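> What follows is a single structure, and I will ask about it in a moment.
Protein chains: 4
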Amino acid sequence: MNSKSRGESSRADLRRRQILEGAIRAFAARGFYRTRVSDIAKAAGVADGTIYLYFEGKDDLLAQVLRQALDSFWDRGEAYVLEASSAAEQLGRFVELHLSYMGEDRDLATVFQVDLRHSPHFLGDVSRKIFRDYLDRVADIVARGQASGELRRDLFPLQAAQMVFGVLDQLVTS
Amino acid sequence: MNSKSRGESSRADLRRRQILEGAIRAFAARGFYRTRVSDIAKAAGVADGTIYLYFEGKDDLLAQVLRQALDSFWDRGEAYVLEASSAAEQLGRFVELHLSYMGEDRDLATVFQVDLRHSPHFLGDVSRKIFRDYLDRVADIVARGQASGELRRDLFPLQAAQMVFGVLDQLVTS
Amino acid sequence: MNSKSRGESSRADLRRRQILEGAIRAFAARGFYRTRVSDIAKAAGVADGTIYLYFEGKDDLLAQVLRQALDSFWDRGEAYVLEASSAAEQLGRFVELHLSYMGEDRDLATVFQVDLRHSPHFLGDVSRKIFRDYLDRVADIVARGQASGELRRDLFPLQAAQMVFGVLDQLVTS
Amino acid sequence: MNSKSRGESSRADLRRRQILEGAIRAFAARGFYRTRVSDIAKAAGVADGTIYLYFEGKDDLLAQVLRQALDSFWDRGEAYVLEASSAAEQLGRFVELHLSYMGEDRDLATVFQVDLRHSPHFLGDVSRKIFRDYLDRVADIVARGQASGELRRDLFPLQAAQMVFGVLDQLVTS
DNA sequence: CATGAATGAGATTTCATTCAT
DNA sequence: GATGAATGAAATCTCATTCAT
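Structural data, given as structure tokens:
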């Protein structure tokens, strides 16, 4: 069992995280396109070139930011959300989780709101997939609620999920 | 009475509109940042330099696209929305108007969803003001509904407006 | 005998002069390169395109400004300068003429001082020839003075002429 | 004691100088305005972008060329000029210094003669100040000579300095 | 003749990425 | 592994010149 699988962090993992956090702060401050790689490097406290030892480039960096944020979001709250007994309560917990998670890291929330929208234009399927994972989780809850008769069936689950996301995303700003 | 005051269009007006429409198509296709001025020129059927006879640059072009879209949106539907007798019905008509307007011009809808989010980073107050105009209209309806006792008072009108926008904006995509 | 040869001015001549004067004012204000053709047009009170009916382009316009200024300078003062009896007095009158001519039209003086230096780089032989005409007049006076024994012979006439020009040109500014 | 304080040159200093020299050659060949940044880069043997790591742009580059040339001119000859015992001899040494300095670097002399005249139009006070420094040195010599009774007092020192400059500048060309 | 809207070649400048140290 | 100077492709914008009206 190596250090990674034991949940410890190699030096490389630390560097990766350090850069990702620099990227979040930098993207939030100026938006993806206005952010120079050198801004990220400065925010992360590393040299420009170092970024390329850990990421493929600026695009990859945004993809990883989004991916890792969703992963950690779900890692943290999945159990809590799913152990609620009704679909309505699961949705409530999901909303609560989203708001508290985004509320805790306003920079991340900004990146989500601003750059996630823009990303399909240049990240292509990668970003679509990341976002889809998020929606699917909500859609699943809705679908199960509809199957059990608990929720109305006049909306497609995915549409419902999008509406939920729309509200949450907008709310986070205010 | 000259041609302009009779609602007709001068050549310059036509050119302006031609370029704005090219810009909408181009922004929708690739996103604001990936769109080159020459893409817009090509989409509009004019030379690159012509753009600068009518707009200050790419930034101005996006600002004008957003501004003009909101103006024409509201010009078209204001009477219809406000003549409804209850706040609930006004909101309903607003939603209907938004969806039909955006549904008719998917490119414009895309620009709204994608680039309006990004625009505060570089358009500054201009874009904030444009967006704010939109929200204020919804917020006004909500506020009047609350004043008349028709709507619940546990939300600030502006927040409610943001939620409405969030849902609509997200729905338009699907 | 047509109107031109009688010293009268055709409408075309007037236009030409009008444009030349606009050009002098515009060049003096911003320098040849910073001056746009449209600046000249505005200063002359004509449309941009009109300039091309009378001149070949911006370069030609500067060449004509310089040429016409020297012609009119010499037209005006040649007799006065040459009728002086000694070389020294001729030089004195030349200096007097230069200073009064340039003093009367500060814009023209500025164009001379600033753009004449730059012009060989893009007007080529044209500008060199214009300048050479000026120098030759001074050099001739010097040469005749040397021939008659009135002036020292330890300088080439052309060099002497250049020194005279150097001093005068610099003086005009102050 | 680091390398810089020992009069040695850091890599950055070398690059700077390398670019400045490329700029002098390029400006001399085509004049400031006809010179493209890429011409300078080629003359200096660096990539276009490298220029911007050391200078703010073309304008800054010309200002630095002029400034550095005057500094090195005066660094080199100040002692020699000022140790002469009479004002007349000081002026003589100044002339000698100017001619030998400019004679050694014809490209620099060309830049001086051509672009220094044009520069007030876009370098503004920067170029005026650079030129003024030069004139002041001559004017000081003249003023001291006048104070001691050695030189005539019928000219303002600054005017005298301008005349000296005018002659020298013109002479360097021939 | 005169106009001025339109053109598009060409110049400046930025910045993601590489690679010698 | 880490650095950051250097690169050069790519994008914006200007403006001399043309030509349909």
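Residue numbers (my numbering), protein chains in the order written: chain A, 38 to 211; chain B, 38 to 211; chain C, 38 to 211; chain D, 38 to 211.
Cβ coordinates follow ideal geometry from the N, Cα and C atoms, glycine included.
These numbers were taken from a predicted model, which means no experiment stands behind them.
Applying a beta-carbon distance threshold of less than 7 Å, which residues of chain B neighbour H135(A)?
In chain order: nothing, as chain B lies at least about 12 Å away.
> What three-state label does DSSP hand V188(B) in the structure shown?
The amino acid occupying residue 188(B) in the given sequence is Leu; Val does not appear at that position. Note: L188(B) maps to coil in three-state DSSP.
> Counting only runs that start and end within the stretch 148-205 of chain A, where is the alpha helix (DSSP H) found for 4 or more residues in a row?
Runs of the alpha helix (DSSP H) inside the stretch 148-205 of chain A: 157-160, 162-184.
> In angstroms with no decimal places, state the Cα-to-Cα distance between R169(B) and R53(C).
In a straight line, the C-alpha of R169(B) is about 55 Å away from that of R53(C).
> Below 8 Å, how does it come out for the stretch 139-155 of chain D and the stretch 135-155 of chain C: are there three or more Cβ pairs, yes or no?
They touch, by the three-pair rule.
> Here's a check: name, in chain order, each residue in its chain whose Cβ is nearer than 6 Å to the Cβ of V132(C), leaving out the five neighbours to either side.
Excluding sequence neighbours, V132(C) sits near nothing in its chain.
> Please state the DSSP three-state secondary structure of E126(B).
In this structure, E126(B) counts as helix in the three-state DSSP scheme.
> Beta-carbon of V151(C) versus every beta-carbon of chain D: anything under 8 Å?
True, the Cβ-Cβ gap to chain D drops below 8 Å.
> Which chain C residues sit within Cβ distance under 8 Å of G68(D)?
By Cβ distance, chain C contributes H155, H158, F159.
> Would you identify the three-state DSSP class for Y70(B), choosing helix, strand or coil?
Three-state DSSP puts Y70(B) in coil, outside helix and strand.
> Quick one, which of Q55(C), K79(C), I77(C) has its alpha-carbon nearest Q105(C)'s?
Checking every option, the nearest Cα to that of Q105(C) belongs to Q55(C).
> Mapping the DSSP letters down to three states, classify E115(D) as helix, strand or coil.
E115(D): helix per DSSP, three-state reduction.
> Among R174(C), G203(C), V204(C), I167(C), which has the Cα closest to the Cα of L103(C)?
Taking only the C-alpha atoms, the option nearest L103(C) is I167(C).
> Are there 16 or more other CB atoms within 10 angstroms of the CB of S40(D), so buried, or fewer, so exposed?
In this predicted model, S40(D) has a pLDDT of only 45, less than 50, meaning its place in the structure is not dependable; the value taken from the coordinates is given anyway. Classification of S40(D): exposed, given that the 10 Å Cβ count is below 16.
> Take Y70(C) as the anchor and find which of Y91(C), D50(C), L98(C), Y89(C) has the nearest alpha-carbon.
It is L98(C) whose Cα lies nearest to the Cα of Y70(C).
> Which residue spans inside the stretch 44-103 of chain D form an unbroken alpha helix (DSSP H) run of at least 4?
Within the stretch 44-103 of chain D, the complete alpha helix (DSSP H) runs of at least 4 residues are 48-67, 74-81, 85-91.
> Decide if the stretch 115-134 of chain D is in contact with the stretch 64-79 of chain D; the criterion is three or more beta carbon pairs, one per stretch, under 8 Å apart.
Segments in contact, no.
> For my contact list, L172(B) and A198(B) are in at a C-beta cut-off of 8 Å; report their separation, rounded to the angstrom.
Right, their Cβ atoms sit about 4 Å apart.
> When the Cα atoms are used, what is the spatial distance from G94(B) to V74(B)?
When rounded, the distance between both Cα atoms is 8 Å.
> Where S185(D) and S122(D) are concerned, what is the direct C-alpha to C-alpha distance, given to the nearest angstrom?
Cα-Cα distance, rounded: 12 Å.
> Who are the Cβ neighbours of I212(B) in its own chain at under 7 Å, not counting the five residues just before and after it?
Residue 212(B) is absent from the structure shown; chain B starts at 38 and stops at 211.
> Run through DSSP, which three-state label would E120(A) get?
Here E120(A) sits in coil by DSSP.
> Kindly indicate which residue of V118(A), S164(A), V209(A) has the alpha-carbon position closest to the one of I178(A).
The candidate whose alpha carbon is nearest that of I178(A) is V118(A).
> Note down, in chain order, every chain C residue with its Cβ under 9 Å from the Cβ of F202(D).
The answer, in chain order, is G203, Q207.
> Under a three-way DSSP split, which group does D108(B) fall into?
Here D108(B) sits in helix by DSSP.
> So which residues of chain C does Q199(D) contact, with C-beta pairs closer than 8 Å?
Those within 8 Å of Q199(D) in chain C are Q207, L208, T210, S211.
> Given this structure, state the Cα-to-Cα distance separating G59(D) from I88(D), to the nearest angstrom.
Spanning the two alpha carbons is a distance of roughly 10 Å.
> May I ask you to list, following chain order, the residues of the stretch 54-78 of chain A that have a beta carbon less than 9 Å from some beta carbon of chain B?
Going along the stretch 54-78 of chain A in chain order, one finds A66, R67, G68, F69, Y70, R71 with a Cβ nearer than 9 Å to chain B.
> For D206(B), count the other beta carbons within 10 Å of its own beta carbon; 16 or more makes it buried, fewer makes it exposed. Which is it?
The residue is buried, with at least 16 neighbouring Cβ atoms inside 10 Å.
> Classify L51(D) as buried or exposed, calling it buried when 16 or more other Cβ atoms lie within 10 Å of its own Cβ.
L51(D) comes out exposed.
> Quick one: using the 10 Å Cβ neighbour count with 16 as the cut-off for buried, is R43(B) buried or exposed?
At R43(B), the pLDDT of 49 sits below 50, so the modelled position is not reliable and the matter cannot be decided from this model.
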